[in-house]
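Asks: Below you will find the structure I want to go over with you.
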Amino acid sequence: MTNKKEEFKVSGEDIIEKIKEIIKEGNARRIIIKNEDGESVAEFPLTVGAVGALIAPILAAIGAIAALLTKCTIVVEKK
Numbered sequence: 001m002t003n004k005k006e007e008f009k010v011s012g013e014d015i016i017e018k019i020k021e022i023i024k025e026g027n028a029r030r031i032i033i034k035n036e037d038g039e040s041v042a043e044f045p046l047t048v049g050a051v052g053a054l055i056a057p058i059l060a061a062i063g064a065i066a067a068l069l070t071k072c073t074i075v076v077e078k079k
């Protein structure tokens, strides 16, 4: 089984909303955040059924990253 990848270019201020949207879809296995130079700055594996309290630490970390980035790319690995 191969993983499918999707990329989304977003501004730092929109990153949290986009991540929430991706998580809500429910088929993402990993989220990778890259800076403007294409370098990976963070990777988050998502377990099946992860919701609520399990997602809160991820969103907090993404919020801290978003404060440092003006533009970024979100890479979503799906199964």
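Read in order, the letters of the sequence shown are residues 1 to 79 in my numbering.
Quick reminder that beta carbons are idealized off the backbone N, C-alpha and C, glycines included.
1) Tell me the DSSP bridge mates of GLU25?
2) Taking the beta carbon of VAL41 as the centre, do at least 16 other beta carbons fall within 10 Å, making it buried, or is it exposed?
3) Could you tell me which of LYS20, ALA66, ASN3 sits nearest to SER11, measuring between CA atoms?
4) Going by DSSP, name the residue or residues bridged to ALA42.
5) With VAL81 and LYS34 assumed to form a contact (beta carbons below 8 Å), what rounded beta-carbon distance in angstroms separates them?
Replies: Let's see:
1) DSSP lists no beta-bridge partner residue for GLU25.
2) Taking all protein chains shown into account, VAL41 has fewer than 16 neighbouring C-beta atoms within 10 Å of its C-beta and is therefore exposed.
3) Selected option, being the one with the closest Cα: ALA66.
4) The bridge partners DSSP lists for ALA42 are ILE33.
5) No statement about residue 81 is possible, as the shown extent of the chain runs from 1 to 79 and does not include it.
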